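Chemist:
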Amino acid sequence: MRILKTALKKGIVKLQIDTEDDLWYLKTVVEAGDLIRAKTMRSLFLLRDGERQKIGKKPMILQIQLEKIEFQKHLFQLRLSGKIVEGPDETELSSYHTIEVKPGSILSITKKQWSRYQFQKLKKAETKVPNILIAVMDYDQITIAMLKKGTADIISEFSNPHSIQEEDRLIEYYKKIATEIEKLSENVQNIIIAGPGFVKEHVSNIIKDRDESLYKKIKIDSTSSATKSGVIEILKRGMLEKIIKDSEVIKETKLIEEFFLHLKKDDGLVVYKMDEIEQAEVSGAILFLLVSEEKIRDQKIDNIARNVENKNGEVFIISISHEIGQQFTSFGGIGAVLRYKLFY
């Protein structure tokens, strides 16, 4: 996701959706009452013999007031439906329309007020892709790209000048690739090593022998090419989405584990009953608030979250797409870790 424009005083944020995973982030941010503006396809009708007949579709820019949100994961699209409040002259205002948001879509969201955690969600989506090194290789060449904020830049490429039959030279080639990956891996959270043959396995094994901690960052994948087109193959595949999801799950798991650890220790540094959470919020005692994505749309909880942020507390929305998130939701779906003991 890319944030193209912000005018928060007017409540406007303009976005570009880049990946399927961005749709999930967007789903957790938009809500009924928001104004959504985007280029969309609108069916055209003509009145013939007293009957309304569809004559085709036309691209146009419409703004709707959002009423219904439907996430179609299998189609990789988010359907946003509501009444049209702005459009071309031929558009019937107050009629209903659905904007289909998918990778490549550009849209503007206008809210009466953006909460900090909502905007943080978008910022997280913009930077959710950790720095990832992608190295595609075969017996003839290697191409290495660095992925930052969804954009891949080629940062190294070289060829193997020797024949595949020269085994000693081939081992030197593997070692050279491993050294290059090691050199370029500073501040990298994940490494994808891929290619059409077995070079990727040889190189990853060399790295394993040299640096076990670096090896743990490696994911192995296959591509049909060791050129830039191989890098593009990786970008189009689900590996990146899996890495992103895994990193989010790890972070959320640590937060939930900290919550339950305090609960188990019975040290008075967690609250989960609504009346206690409200008292902790009023006193400014909340260090961070955990809220299940199913609960955050509750207006009362939304108000608490806003107030927590205003008092320099943090709010984390917990996904129900993983097991520990589901466990937290079953527990009640809301809880807070406190700065200090409040109840005795």
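To convert, count from 1 in the sequence shown and add 5; that's the numbering used here. Cβ atoms here follow ideal geometry from the backbone N, Cα and C, with glycine treated the same way. Since the structure is predicted, the reported quantities are computational estimates derived from the model, not experimental observations.
1. So for V204, helix, strand or coil by DSSP?
2. What whole-angstrom Cβ distance do L9 and K19 have, given they're in contact under 8 Å?
3. Tell whether a beta-carbon distance below 7 Å holds between T24 and P108.
4. Have a look at the DSSP bridge pairing and note the partners of A43.
5. Taking all protein chains shown into account, decide if E72 is buried (16 or more other Cβ within 10 angstroms of its Cβ) or exposed.
6. Quick check on T33: does DSSP put it in helix, strand or coil?
7. In angstroms with no decimal places, state the Cα-to-Cα distance between A310 and K316.
8. Taking 7 Å as the threshold (C-beta atoms), are I237 and A199 in contact?
9. By Cβ distance below 8 Å, which residues in the same chain neighbour I261 in space, the five residues on each side in sequence not counted?
10. Using CA atoms only, rank isn't needed, just tell me which of S229, A43, I225 is closest to M244.
11. Starting from the Cα of Q194, find the closest Cα among I149, Q82, I137, Q77 and give me that residue.
12. Report the rounded CA-to-CA distance for E299 versus G338, giving the unit in angstroms.
13. Please state whether DSSP places V254 in a helix, a strand or coil.
14. Locate the beta strand (DSSP E) running through E319, then write down its first and last residues.
15. Apply the 10 Å Cβ neighbour rule to Q82 and answer buried if 16 or more other Cβ atoms are within range, or exposed otherwise.
16. So within the segment 129-205, which uninterrupted alpha helix (DSSP H) runs reach at least 4 residues, ignoring any that extend past its ends?
17. Since E281 and F348 are thought to touch, with beta carbons under 8 Å apart, how far apart are those beta carbons, to the nearest angstrom?
18. Where K44 and Q123 are concerned, what is the direct C-alpha to C-alpha distance, given to the nearest angstrom?
19. Can you check whether the CB of F293 is closer than 7 Å to the CB of V275?
20. For K278, does the count of other Cβ atoms within 10 angstroms reach 16, so buried, or fall short, so exposed?
21. Please name the residue, chosen from I22, Q70, M65, R7, that lies closest to G38 on a Cα-to-Cα basis.
22. Suppose the cutoff is 6 Å on Cβ atoms and the five residues either side in sequence are ignored; what does the same chain contact list for F76 look like?
23. Could you please give me the residues that DSSP links to G340 through a beta bridge?
24. Identify whether R242 lies in helix, strand or coil by the three-state DSSP scheme.
25. Buried or exposed, going by whether 16 or more other CB atoms sit within 10 Å of the CB of I306?
26. Give me the Cα-Cα distance between A130 and R7, rounded to the nearest whole angstrom.
27. Could you tell me the alpha carbon to alpha carbon distance between K250 and K222, rounded to whole angstroms?
28. E105 lies in the beta strand (DSSP E); which residues open and close that run?
29. For T150, count the other beta carbons within 10 Å of its own beta carbon; 16 or more makes it buried, fewer makes it exposed. Which is it?
30. DSSP puts K10 in a beta bridge; with which residues?
31. Does the distance from the C-beta atom of V141 to that of T258 stay below 7 Å?
32. Whole angstroms is fine: what's the gap from E97's alpha carbon to I301's?
33. Checking 7 Å against the spacing of the C-beta atoms, do S252 and P135 come in under that value?
34. Can you give me the Cβ contacts of G61 inside the same chain, cut-off strictly under 8 Å, excluding the 5 residues immediately before and after it?
35. Which of the three DSSP states, helix, strand or coil, is assigned to Q353?
Modeler: In short, the structure shows the following:
1. Three-state result, V204: helix.
2. That belief holds up - the Cβ atoms of L9 and K19 are roughly 4 Å apart, short of 8 Å.
3. For T24 and P108, yes; Cβs fall inside 7 Å.
4. Checking the DSSP bridge columns, you'll see A43 partnered with L67, L112.
5. Counting Cβ neighbours within 10 Å, E72 comes out exposed, since fewer than 16 surround it.
6. In the structure shown, T33 sits in coil (DSSP, three-state: anything other than H, G, I, E or B).
7. Rounded to whole angstroms, A310 to K316 spans 10 Å at the Cα level.
8. Not closer than 7 Å, so no.
9. L295, I323, I329, G330, Q332, F333.
10. Of the listed residues, the one whose Cα sits closest to M244 is I225.
11. Out of I149, Q82, I137, Q77, I137 has the C-alpha closest to the C-alpha of Q194.
12. Answer to the nearest angstrom: the Cα atoms are 8 Å apart.
13. It is helical.
14. Residues 319-323.
15. By the Cβ-count criterion, Q82 is buried, with 16 or more other Cβ atoms from all chains shown falling within 10 Å of its own Cβ.
16. Secondary structure in the segment 129-205: the alpha helix (DSSP H) runs of 4 residues or longer, each lying completely within the stretch, are 172-189 in chain order.
17. The Cβ separation is near 6 Å, so the contact holds.
18. Near 23 Å, if we compare the C-alpha coordinates of Q123 and K44.
19. In this structure, V275 lies away from F293, with their beta-carbon atoms at least 7 Å apart.
20. Per the 10 Å Cβ criterion, exposed.
21. Restricting attention to I22, Q70, M65, R7, the CA atom closest to the CA of G38 is found in Q70.
22. Cβ within range, chain order: K32, L83.
23. DSSP lists L295 as the bridge partner or partners of G340.
24. Residue state, collapsed to three classes: coil.
25. Under this definition I306 is a buried residue.
26. Using only the alpha carbons, I get a separation of about 8 Å.
27. Note on geometry: alpha-carbon atoms of K250 and K222 lie some 15 Å from one another.
28. That run of the beta strand (DSSP E) goes 101-106.
29. Checking the sequence shown, residue 150 turns out to be Ala, not Thr. The C-beta of A150 has 16 or more other C-beta atoms within 10 Å across all chains shown, which makes the residue buried.
30. Beta-bridge pairing links K10 to K19.
31. Pairing V141 with T258 gives a Cβ-Cβ distance that is not under 7 Å.
32. Their Cα atoms are separated by approximately 34 Å.
33. With respect to the 7 Å criterion, S252 and P135 are classified as neighbours on the basis of their beta carbons.
34. Answer for G61: S48, L49, listed in chain order.
35. The structure shown does not extend to residue 353, since the chain spans only 6 to 349, so no value can be given for it.
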